[in-house]
Every structure is written in C-alpha cells, then in structure tokens.
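Q: Numbering-wise (full-length UniProt numbering), the sequence shown opens with residue 1 and increments by one. From the three backbone atoms N, C-alpha and C, an ideal C-beta is built for every residue, glycine too.
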Amino acid sequence: MTTLPSLLNTYLEAITPALTKPFLDAPLMAIDLEMTGLDPIHDQVISIGLVPIINGVIPLDKAQHMMISISGSVGHSATVHGIVDNQLHMALTLAEAIDWFLSQTKGYILVAHHAPLDIQFIQQQLIRCFGQSIPLVFIDTLAIEKKRCLMQQSVLKEGSLRLNASRERYRLPVYSAHNALIDALSCAELLLAQVAAMGDIKKLSVKDLINVFR
Numbered sequence: 001m002t003t004l005p006s007l008l009n010t011y012l013e014a015i016t017p018a019l020t021k022p023f024l025d026a027p028l029m030a031i032d033l034e035m036t037g038l039d040p041i042h043d044q045v046i047s048i049g050l051v052p053i054i055n056g057v058i059p060l061d062k063a064q065h066m067m068i069s070i071s072g073s074v075g076h077s078a079t080v081h082g083i084v085d086n087q088l089h090m091a092l093t094l095a096e097a098i099d100w101f102l103s104q105t106k107g108y109i110l111v112a113h114h115a116p117l118d119i120q121f122i123q124q125q126l127i128r129c130f131g132q133s134i135p136l137v138f139i140d141t142l143a144i145e146k147k148r149c150l151m152q153q154s155v156l157k158e159g160s161l162r163l164n165a166s167r168e169r170y171r172l173p174v175y176s177a178h179n180a181l182i183d184a185l186s187c188a189e190l191l192l193a194q195v196a197a198m199g200d201i202k203k204l205s206v207k208d209l210i211n212v213f214r
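1. Could you pull out every residue in the same chain whose Cβ sits closer than 7 angstroms to the Cβ of THR93, ignoring the five residues on either side in sequence?
2. Inspect the beta-carbon positions of LYS202 and LEU24 and report whether they are closer than 8 angstroms.
3. CB-CB under 6 angstroms to THR105, same chain, minus the five flanking residues each way: which ones, in chain order?
4. Decide yes or no for the touch test of the stretch 151-170 against the stretch 33-45: beta carbon pairs closer than 8 angstroms, at least 3 of them.
5. Tell me the residue span of the beta strand (DSSP E) that contains SER6.
6. Shortest alpha-carbon distance to LYS207 belongs to which of LEU7, LEU8 and PRO22?
7. List the residues that DSSP assigns as beta-bridge partners of ASN211.
8. State the start and end residues of the unbroken beta strand (DSSP E) segment that holds ASP99.
9. Touch check for the stretch 1-14 and the stretch 127-141: three-plus C-beta pairs under 8 angstroms?
10. Let me make sure I understand the geometry here. Which of ARG162, TYR175 and LEU110 has the alpha-carbon closest to that of ILE15?
11. Is ALA184 helix, strand or coil by DSSP?
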C-alpha cells in the first residue's frame with residue numbers, strides 16, 4: 001500500500017471531525033474553479049475561488065481568489081472566464097496553488113455546483129504535484145437542487161439546474177460579473193437558501209448532504 005505524503009494524510013485526518021456535525025456547526029468551503037477546458041487530465045486550472053460558510057454565515061472578509069500560471073495559452077477558454085494570458089504572469093505556480101488550497105480548505109467540507117467536475121480537477125492537480133490523490137468530501141448544490149426539483153415533480157429543462165437558474169428559484173440576485181470568486185459566493189448563497197427551504201435547519205446533519213469522490 002502506497003504511503004500518503006504527510007500533507008495529504010494530515011488533510012484527510014482534519015476533515016473527520018466535521019463529518020458528524022450538525023449542518024450549522026460544520027465548517028464548509030464553497031469553491032469554484034476556472035479551467036482551460038472540461039477535461040481534468042488534459043486541461044488546466046487557471047483560478048480558484050474560496051468562500052467559507054461558518055455557522056450558517058458567509059464571512060465575506062474571508063473569501064479568497066487566486067490565479068494559477070499554466071503552460072501554454074488560455075486560448076478560446078478566455079471567452080468563458082475572461083482571464084487572458086497576461087493576467088497570469090504573476091500568478092501562483094501549480095505547486096504553490098495546491099499548497100495554498102490544501103492549507104485554506106483543511107478541515108472544511110467542500111461545496112460546489114456540479115461538484116464532481118471541480119473535484120476531479122482538484123484530484124488531478126494533486127496527482128500532478130504528489131503522484132497520487134485522496135478521497136475528497138463535498139456537498140454538490142446541483143445534486144441537491146435536482147433532488148428538490150424531482151421531489152416537487154418539476155420538469156427539468158435543459159439548463160434549469162445551472163447555477164444562476166437554480167438561484168433564481170430562491171429569488172437570489174444574479175451577479176453580472178463572472179469569475180471563480182463570484183461563482184463560489186453564488187454557490188455558498190445557494191446552499192444556504194436550499195437548506196433554509198428544507199425547513200428545521202437545526203436538525204439537519206451535514207452527513208445528510210455530503211458525498212465522497214474517490
């Protein structure tokens with residue numbers, strides 16, 4: 001059995017206490033990644049947004065956004081995320097970015113919209129840096145929204161589960177800007193709205209919402 005690098009082993013151990021907490025007590029970290037494409041193996045991460053949720057509140061002063069230098073050009077993906085090559089000249093290296101990500105999210109349950117995509121990209125970056133990955137615990141707001149819509153017998157049209165479309169059902173504002181930080185904030189707000197709509201939030205356990213991607 002391969003021994004995990006100490007940094008990854010410590011990261012795994014740190015998440016254990018959060019798994020049994022009530023939702024309101026669990027440390028959560030909404031994340032969003034901007035990538036050069038949708039293939040975790042061949043495409044690259046160019047920015048990461050982090051927005052914590054502490055005791056059911058979003059402390060905006062703790063939100064963070066980092067850009068990551070890549071090999072080659074951002075290419076046509078710039079039309080999606082708005083990041084161009086000259087913005088990445090002073091960005092973190094991949095190793096620096098992963099070290100930052102692990103330090104900032106250690107002990108937190110990750111939250112993302114369409115989380116499997118972001119999680120697969122994170123795991124691929126871990127493989128590039130450490131030669132191996134680890135299981136990551138997360139809450140997927142898209143999966144929650146899909147389940148809620150199906151329970152309400154709503155018709156799921158194309159695009160109806162996208163982040164902004166999901167937010168509109170809770171009358172959350174639509175942000176005109178689009179980057180990893182804004183999308184992470186949008187995801188954090190959506191989760192709180194979803195949980196509030198479930199009712200009796202004090203009885204909700206975080207384990208009722210989490211998934212593990214290996």
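A: On the basis of the data shown:
1. SER69
2. yes
3. MET29
4. no
5. Segment 6-15 is the alpha helix (DSSP H) holding SER6; no beta strand (DSSP E) there.
6. PRO22
7. PHE138
8. No beta strand (DSSP E) contains ASP99, which is instead part of the alpha helix (DSSP H) from 94-105.
9. yes
10. LEU110
11. helix
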